[in-house]
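Sequential numbering of the sequence shown, starting at 8, is according to our numbering. For every residue, glycine included, the Cβ atom is placed at its ideal position computed from N, Cα and C. Remarks on the structure that follows.
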Amino acid sequence: MKILVTGGAGYIGSHTCVELLEAGHDLVVVDNLCNSKAAAIDRVLEIADGSLRLIELDIRDTAALTEVFQSERVDAVIHFAGLKAVGESTDLPVEYYDNNVGGTISLLQAMDAGDVRTIVFSSSATVYGDPHQVPITEDFPLTATNPYGWSKLMVEQVLKDLQASDERWSITLLRYFNPVGAHPSGLIGEDPNGIPNNLMPYISQVAIGKLDRLRVFGDDYPTRDGTGVRDYIHVVDLAQGHLAALDTHATTPGAHIYNLGTGSGVSVLEMRAAFEEACEQAIPYEIVDRRPGDIAECWADPSRARVALNWQATKSLMDMTRDGWRWQSRNPDGYQE
Ligand code: NAD
Ligand code: UDP
């Protein structure tokens with residue numbers, strides 16, 4: 008198939024491009040590089056052979072995007088492009104709605120004009136808000152607590168409404184839990200701007216000596232060691248989930264929704280200990296106040312994806328930390344030479 012990947016130069020997109028190329032697909036990546044570098048695509052092509060064209064374009068430019076769909080015979084779209092920092096979304100809500108919701112609407116218009124009606128969308132476990140219990144199944148109530156989360160929920164609604172209005176569409180909503188780690192080659196990985204917000208990149212930067220210590224946001228949650236518990240999933244497993252979704256649904260119209268997680272939770276202190284083992288050094292830490300808006304625990308029931316997509320995460324916590332550390336230690340400044 009020829010697949011158009013929006014946001015394909017980003018963290019999850021680049022790993023998915025590798026898996027897609029290795030499976031023999033042809034790729035067109037559309038990315039405005041607002042949170043990524045073209046070097047990531049060069050690295051993708053170092054890892055995997057195949058056909059990949061990078062087009063530097065903002066998906067909100069509907070006219071230019073429509074031209075891409077006219078000139079390339081695209082079969083399906085995987086839609087990663089968007090802004091993703093929760094805290095920033097509270098300060099810049101209009102930018103987040105414009106990019107994430109407006110960008111998706113522009114993409115759908117260009118797809119429709121190009122007769123392409125298969126899309127896989129990057130949603131997030133954030134759409135479950137503070138779940139009443141764990142593990143979380145796809146039919147749990149949906150809500151959001153910040154503009155980023157609302158933008159994901161709004162896009163989910165737009166896609167469901169579109170499919171209900173025109174049954175030719177195949178839409179797949181993939182709700183990611185916590186993607187971490189890097190490709191085992193050490194060539195691609197997460198390259199955050201500034202001080203990372205997320206746990207794994209923060210710990211990596213402590214290990215590499217850029218940050219002095221981990222700040223653990225609260226040790227008084229009702230969890231096994233008092234720290235927050237999340238369902239961390241290796242980014243390569245996550246990338247493979249997109250292939251499984253396309254294999255299953257590229258030609259089956261409908262609205263398909265899946266959790267992509269491992270089905271088990273890891274605490275902040277457990278993640279720190281696993282990373283210490285991977286990098287063979289101590290990760291200093293201190294306990295500080297809870298981060299506003301954080302929930303105690305969140306993990307997936309991934310059984311729907313296992314049954315319907317024949318997909319499940321196979322990589323362990325040690326794979327996540329070892330591969331994350333390999334990327335960080337070989338590329339201390341990310342893609343910056
Ligand atoms: P990322 O920032 O690394 O990748 C997003 C890519 O989209 C970047 O390359 C960026 O340059 C591009 N982009 C942004 N706006 C664009 C626009 N208007 N036009 C064209 N390109 C644009 O993020 P990621 O971690 O790879 O996340 C990918 C998707 O998965 C996002 O939609 C994100 O919300 C979602 N998601 C991520 C996580 C996570 O923890 N990383 C969790 C759940 C969901
Ligand atoms: N966390 C932490 N210190 C950090 C970053 C995160 O203690 O510097 C904790 C956070 O409170 C949560 C877990 O690590 O319990 C995962 O946080 P992250 O931001 O990576 O993901 P999310 O909150 O979106 O699930």
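Self-check item: Cβ-based burial, G261 [other Cβ within 10 Å; buried from 16]
Solution: Translated into positions along the sequence shown, residue 261 becomes position 254. With fewer than 16 Cβ atoms within 10 Å of its Cβ, G261 is classed as exposed.
Quiz prompt | CB contact flag (L40, L34, <7 Å) | solution = As a position in the sequence shown, residue 40 is number 33, starting the count at 1. As a position in the sequence shown, residue 34 is number 27, starting the count at 1. Cβ distance not < 7 Å, so L40 and L34 don't count as in contact.
Self-check item: Stretch pair the region 190-206 + the region 156-168: three plus CB contacts closer than 8 Å
Solution: no
Quiz item: Does any heavy atom of ligand 3 sit closer than 6 Å to the C-beta of G94?
Solution: In the structure shown, ligand 3 is absent; the only ligands present are ligand 1 and ligand 2.
Self-check item: Close Cβ partners of E79 (< 6 Å) along its chain, the five nearest in sequence each way excluded
Solution: Within the sequence shown, residue 79 is the residue found at index 72, counting from 1. Counting only Cβ-Cβ distances below 6 Å, and skipping sequence neighbours, we find V35.
Practice problem: Could you check which residue in V84, R222, V141 has the C-alpha nearest to that of D296? | Solution: Within the sequence shown, numbered from 1, the residue matching residue 296 stands at position 289. It is R222 whose Cα lies nearest to the Cα of D296.
Quiz item: Is the region 121-141 close to the region 50-61, with three or more CB pairs under 8 Å?
Solution: no
Exercise. Would you list, in sequence order, the uninterrupted beta strand (DSSP E) runs of no fewer than 3 residues that lie entirely inside the region 243-329?
Key: List check, beta strand (DSSP E) in window: 261-267, 292-295.
Exercise. Give me the Cβ distance between G89 and N107, rounded to the nearest whole Å; I'm assuming they're in contact under 8 Å.
Key: As a working note, residue 89 is residue 82 in the sequence shown. As a working note, residue 107 is residue 100 in the sequence shown. Going by Cβ atoms, the distance from G89 to N107 rounds to 4 Å, so yes, they are a contact pair.
Practice problem: Kindly indicate the opening and closing residues of the beta strand (DSSP E) around S177. | Solution: Start at 1 with the first residue of the sequence shown, and residue 177 comes out as number 170. Run containing S177: 177-183, per the beta strand (DSSP E) assignment.
Quiz item: Near E163, which residues of its chain fall below 7 Å by C-beta distance, leaving aside the five closest residues on each side in sequence?
Solution: Looking up residue 163 in the sequence shown gives position 156. The residues are S130, V134, L180.
Self-check item: Residues near F147 by beta carbon distance below 8 Å, same chain, minus five either side
Solution: In the sequence shown, the residue the question calls residue 147 occupies position 140. Once the five neighbours on either side are set aside, the close Cβ partners of F147 are Y135, P138, H139.
Exercise. Specify, as a first and last residue, the run of the beta strand (DSSP E) that H241 falls within.
Key: In the sequence shown, the residue the question calls residue 241 occupies position 234. From DSSP, the beta strand (DSSP E) with H241 extends over 239-241.
Self-check item: Validate contact between the region 208-220 and the region 232-245 using beta carbons, cut 8 Å, 3 pairs
Solution: no
Quiz item: Which of helix, strand or coil does DSSP assign to T97?
Solution: As a position in the sequence shown, residue 97 is number 90, starting the count at 1. For T97, the three-state secondary structure derived from DSSP is helix.
Practice problem: Tell me whether the beta-carbon of F128 lies closer than 7 Å to the beta-carbon of G17. | Solution: Along the sequence shown, one-based indexing puts residue 128 at 121. Along the sequence shown, one-based indexing puts residue 17 at 10. G17 sits away from F128, with the two beta carbons spaced by 7 Å or more.
Quiz item: Which class does A151 belong to by DSSP, given the choice of helix, strand or coil?
Solution: By one-based count along the sequence shown, residue 151 stands at place 144. Coil at A151, not helix or strand.
Practice problem: Please specify which runs of the beta strand (DSSP E), each continuous and at least 3 residues long, are wholly inside the region 15-88, giving them in chain order. | Solution: 33-38, 59-63, 83-86
Self-check item: H256 to L276 span [Cα, whole Å]
Solution: Locating residue 256 in the sequence shown gives position 249, counting from the first residue. Locating residue 276 in the sequence shown gives position 269, counting from the first residue. Each residue's alpha carbon lies about 38 Å from the other.
Self-check item: Inter-residue spacing [alpha-carbon to alpha-carbon] between A214 and Q288
Solution: What you label residue 214 is simply residue 207 of the sequence shown in a count that begins at 1. What you label residue 288 is simply residue 281 of the sequence shown in a count that begins at 1. Each residue's Cα considered, the two are about 7 Å apart.
Exercise. For S113, collect the residues of the same chain with a Cβ closer than 8 Å to its Cβ; drop the 5 residues on either side in sequence, then sort them by chain order.
Key: As a position in the sequence shown, residue 113 is number 106, starting the count at 1. The residues are I66, R67, D68, T69, L72.
Exercise. Return the residue from the list D232, G20, D168 that minimises the CA-CA distance to W176.
Key: The residue given as residue 176 occupies position 169 in the sequence shown. Put simply, of D232, G20, D168 the residue whose alpha carbon is nearest the alpha carbon of W176 is D168.
Exercise. Taking A132 as the reference, give the member of Q247, S96, L160 with the closest Cα.
Key: For the purposes of this step, residue 132 is taken as residue 125 along the sequence shown, with counting starting at 1. Relative to A132, the option among Q247, S96, L160 whose CA is nearest is L160.
Practice problem: Return yes when at least one heavy atom of ligand 2 lies under 6 Å from the C-beta of N205, else no. | Solution: Position 198 of the sequence shown, counting from 1, holds the residue named residue 205. Of the heavy atoms belonging to ligand 2, at least one sits nearer than 6 Å to the Cβ of N205.
Exercise. Report the three-state DSSP secondary structure of V10 (helix, strand or coil).
Key: Along the sequence shown, one-based indexing puts residue 10 at 3. Note on identity: in this sequence residue 10 is Ile, with Val being the wrong assignment. It is a strand residue.
Quiz prompt | Euclidean distance between Cα positions of L253 and I143 | solution = For this step, residue 253 is matched to residue 246 along the sequence shown. For this step, residue 143 is matched to residue 136 along the sequence shown. Roughly 23 Å separates the two Cα atoms.
Practice problem: Classify I195 as helix, strand or coil using the three-state DSSP reduction. | Solution: Taking the sequence shown and counting its residues from 1, one reaches residue 195 at position 188. In this structure, I195 counts as coil in the three-state DSSP scheme.
Quiz item: Which of helix, strand or coil does DSSP assign to P208?
Solution: Walking along the sequence shown from the start, residue 208 turns up at place 201. Three-state DSSP puts P208 in a helix.
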